[in-house]
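Contents: one structure, followed by commentary.
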Amino acid sequence: MPRQPFGAGSSHRNRENPMSIKEIQAFSNQALNDPALGEKLKACEKVRDVIALGKEHGYSIIEDLLYPPNEPQFSEAQLSPKMAKALLRA
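Numbering follows the UniProt record's numbering, in which position 56 of the sequence shown is assigned residue number 56; successive positions increment by one, without gaps.
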């Protein structure tokens with residue numbers, strides 16, 4: 001039976017997937033530098049909307065990595081109040 005990479009198949013939130021964290025960081029940075037994208041991000045009211053917007057711009061985001069205890073990749077100013085509360089625990 002082939003061995004799975006460390007953490008494969010695990011649903012533990014605190015195990016980071018560095019590739020997806022980098023995707024989230026890159027998406028956040030693009031939204032900071034692109035006012036139109038930033039406005040679309042701020043208009044997102046649901047996590048699935050954030051993920052879909054990221055996908056539209058070529059990013060693959062793993063939902064669990066958006067939530068604490070993972071380090072936030074978006075600032076409160078980038079998100080709607082509802083998303084900031086969900087993702088930043090503000």
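Here a beta-carbon is modelled for each residue, glycine too, at the ideal position from N, C-alpha and C.
How would you write the range of the alpha helix (DSSP H) that residue i sits in, first residue to last?
i     : result
Leu37 : Pro35 to Ala43
Ala52 : Val47 to Glu56
Decide if residue i is buried, meaning its Cβ has at least 16 other Cβ atoms within 10 Å, or exposed.
i     : result
Asn70 : buried
Gly54 : buried
Glu23 : buried
Ala52 : exposed
Ala31 : buried
Can you tell me which of the three DSSP states residue i falls into?
i     : result
Pro72 : coil
Ile62 : coil
Arg89 : coil
Asn17 : coil
Ser28 : helix
Lys22 : helix
Is there a Cβ from chain C that is less than 8 angstroms from the Cβ of residue i?
i     : result
Leu88 : Among the chains in the structure shown there is no chain C, since it carries only a single protein chain.
For residue i and residue j, which I take to be in contact (beta-carbon distance under 8 angstroms), what is that distance rounded to the nearest angstrom?
i     : j     : result
Phe74 : Ser28 : 5 angstroms
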